[in-house]
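Engineer:
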Amino acid sequence: DTGVSQNPRHKITKRGQNVTFRCDPISEHNRLYWYRQTLGQGPEFLTYFQNEAQLEKSRLLSDRFSAERPKGSFSTLEIQRTEQGDSAMYLCASRSWDSIYEQYFGPGTRLTVT
Amino acid sequence: KQEVTQIPAALSVPEGENLVLNCSFTDSAIYNLQWFRQDPGKGLTSLLLIQSSQREQTSGRLNASLDKSSGRSTLYIAASQPGDSATYLCAVYGREGAQKLVFGQGTRLTINP
Numbered sequence: 780d781t782g783v784s785q786n787p788r789h790k791i792t793k794r795g796q797n798v799t800f801r802c803d804p805i806s807e808h809n810r811l812y813w814y815r816q817t818l819g820q821g822p823e824f825l826t827y828f829q830n831e832a833q834l835e836k837s838r839l840l841s842d843r844f845s846a847e848r849p850k851g852s853f854s855t856l857e858i859q860r861t862e863q864g865d866s867a868m869y870l871c872a873s874r875s876w877d878s879i880y881e882q883y884f885g886p887g888t889r890l891t892v893t
Numbered sequence: 286k287q288e289v290t291q292i293p294a295a296l297s298v299p300e301g302e303n304l305v306l307n308c309s310f311t312d313s314a315i316y317n318l319q320w321f322r323q324d325p326g327k328g329l330t331s332l333l334l335i336q337s338s339q340r341e342q343t344s345g346r347l348n349a350s351l352d353k354s355s356g357r358s359t360l361y362i363a364a365s366q367p368g369d370s371a372t373y374l375c376a377v378y379g380r381e382g383a384q385k386l387v388f389g390q391g392t393r394l395t396i397n398p
């Protein structure tokens with residue numbers, strides 16, 4: 780059984796460039812979440828998918844951010860025209876349909892915008 | 286709006302001590318509460334999950350309690366070891382249908398040999 784995987788693990792980009800991150804959830808988990816974590820803070824919710832449907836988005840998710848989960852399996856998070864303030868750890872989590880609601884997190888993608 | 290606070294922000298203790306980490310939340314209408322561990326530069330590892338109907342959960346040297354009415358949870362670590370050094374985060378899940386975890390800022394724990 781593999782856990783949640785994320786790629787790449789680290790990304791360094793110049794301001795103004797576009798970046799895309801991928802998350803592969805635990806197989807058969809139909810719920811998928813993206814969170815962002817800045818240094819010294821707890822993660823903050825960005826967006827949530829149930830199967831392929833994006834059901835909730837945070838106000839943190841500006842127009843430069845877009846997330847997809849085209850076939851209800853893996854998900855991508857794209858940031859357009861990156862800014863230095865986008866530097867953070869981007870975490871993906873998944874959970875099953877059961878009633879316990881336990882979320883399982885991936886290792887994260889560390890983004891540095893120079 | 287749900288807010289989660291963890292005190293203290295950092296804690297340093299000698300090896301072998303028992304310790305308690307605190308978590309408080311403003312809205313008592315939660316569905317469950319999770320405690321996580323995070324090593325530097327890594328993702329989150331789930332330690333314990335307490336459902337709203339439960340008072341505590343135990344796993345090895347860890348015990349987590351939940352008092353919904355007062356909006357508090359504690360994580361008790363027995364016989365601490367240097368390998369327990371990490372940041373500990375608590376997160377609450379809102380009422381069923383609110384599909385996200387709300388996290389505290391974490392407690393950075395250092396166990397000195």
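Residue numbers (our numbering), protein chains in the order written: chain D, 780 to 893; chain P, 286 to 398. Where a beta carbon is used, it is the ideal one built from N, C-alpha and C, also for glycine. The structure displayed is predicted, hence computed values, not measured ones.
Consider the Cβ of Phe824/D: report whether some Cβ of chain P lies at a distance smaller than 8 angstroms.
Structural biologist: Output row for Phe824/D: interface = yes.
Engineer: Could you pull out every residue in the same chain whose Cβ sits closer than 8 angstroms to the Cβ of Thr359/P, ignoring the five residues on either side in sequence?
Structural biologist: If we look at Thr359/P and ignore the five residues flanking it on each side, its Cβ neighbours are Val305, Leu306, Asn307, Cys308, Ala349 and Ser350.
Engineer: I need the straight-line Cα distance from Pro293/P to Trp876/D, nearest angstrom please.
Structural biologist: Roughly 35 angstroms separates the two Cα atoms.
Engineer: Beta carbon of Gln863/D, beta carbon of Arg874/D: below 8 angstroms?
Structural biologist: No, Cβ-Cβ distance for Gln863/D and Arg874/D is not below 8 angstroms.
Engineer: What residues match up with Lys327/P in a beta bridge as DSSP calls it?
Structural biologist: Paired residue(s): none; Lys327/P is not in a bridge.
Engineer: Apart from the five residues just before and just after Thr395/P, which ones in its own chain have a Cβ nearer than 6 angstroms to its Cβ?
Structural biologist: These residues qualify, in order along the chain: Ser297 and Ser370.
Engineer: With Ala364/P as the anchor, note down where its beta strand (DSSP E) starts and where it stops.
Structural biologist: From DSSP, Ala364/P is part of no beta strand (DSSP E); its letter is neither H nor E.
Engineer: Using a Cβ-Cβ distance under 8 angstroms, would Gly821/D count as near chain P?
Structural biologist: It does; some Cβ of chain P falls within 8 angstroms.
Engineer: Our contact map puts Thr392/P next to Tyr378/P with C-beta atoms below 8 angstroms; I'd like the distance itself, whole angstroms only.
Structural biologist: Contact doesn't hold; Cβ gap of about 20 angstroms is too wide.
Engineer: Counting only the same chain and skipping the five closest in sequence on each side, list residues whose C-beta sits under 7 angstroms from that of Phe853/D.
Structural biologist: Arg801, Cys802 and Asp803.
Engineer: Could you run through the stretch 799-814 of chain D and flag, in chain order, every residue whose CB is less than 9 angstroms away from some CB of chain P?
Structural biologist: Against chain P - using a Cβ distance shorter than 9 angstroms - the residues of the stretch 799-814 of chain D are Arg810, Tyr812 and Tyr814.
Engineer: How would you list, in chain order, the residues of chain D whose beta-carbon sits under 9 angstroms from the beta-carbon of Phe388/P?
Structural biologist: Per Cβ cutoff of 9 angstroms: Tyr814, Gln816, Gln820, Gly821, Pro822, Glu823 and Phe824.
Engineer: Quick one, which of Gln820/D, Leu834/D and Gly819/D has its alpha-carbon nearest Thr826/D's?
Structural biologist: Selected option, being the one with the closest Cα: Leu834/D.
Engineer: Can you tell me which of Gly887/D, Pro886/D, Gly885/D and Ala872/D puts its alpha carbon nearest to the alpha carbon of Leu386/P?
Structural biologist: Ranking the options by Cα distance to Leu386/P, first place goes to Ala872/D.
Engineer: Enumerated in chain order, which unbroken segments of the beta strand (DSSP E) with a length of 3 residues or greater are wholly contained in the stretch 289-336 of chain P?
Structural biologist: Here the runs fully enclosed are 289-292, 295-299, 304-310, 317-323 and 329-336.
Engineer: Which ranges does the beta strand (DSSP E) cover as unbroken runs of at least 3 residues, wholly within the stretch 823-882 of chain D, from first to last along the chain?
Structural biologist: List check, beta strand (DSSP E) in window: 823-829, 832-836, 844-847, 854-858 and 867-874.
Engineer: Starting from the Cα of Leu346/P, find the closest Cα among Gly356/P, Lys353/P, Ser365/P and Ile335/P and give me that residue.
Structural biologist: It is Arg, not Leu, that sits at residue 346/P in the sequence shown. Considering only alpha carbons, the answer is Ser365/P.
Engineer: Comparing C-alpha positions only, which one of Glu300/P, Ser313/P and Lys286/P sits nearest to Ser355/P?
Structural biologist: The shortest Cα separation from Ser355/P among Glu300/P, Ser313/P and Lys286/P belongs to Ser313/P.
Engineer: For Thr311/P, which residues from the same chain have a beta carbon less than 7 angstroms from its beta carbon, with the 5 sequence-adjacent residues on both sides left out?
Structural biologist: Gln287, Glu288 and Gly356, listed in sequence order.
Engineer: In angstroms, rounded to a whole number, what distance separates the CA positions of Val798/D and Lys850/D?
Structural biologist: Taking the straight line joining both Cα atoms gives about 21 angstroms.
Engineer: Taking Cβ positions only, does Arg889/D come closer than 8 angstroms to chain P?
Structural biologist: Answer yes: the Cβ-Cβ gap between Arg889/D and chain P drops below 8 angstroms somewhere.
Engineer: Start and end of the beta strand (DSSP E) containing Leu347/P?
Structural biologist: From DSSP, the beta strand (DSSP E) with Leu347/P extends over Leu347 to Asp352.
Engineer: In terms of alpha-carbon separation, which member of Pro886/D, Thr893/D and Val892/D lies closest to Pro822/D?
Structural biologist: For Pro822/D, the nearest C-alpha among the options comes from Pro886/D.
Engineer: Mark Asp352/P as exposed unless 16 or more other C-beta atoms lie within 10 angstroms of its C-beta, in which case mark it buried.
Structural biologist: That one is exposed.
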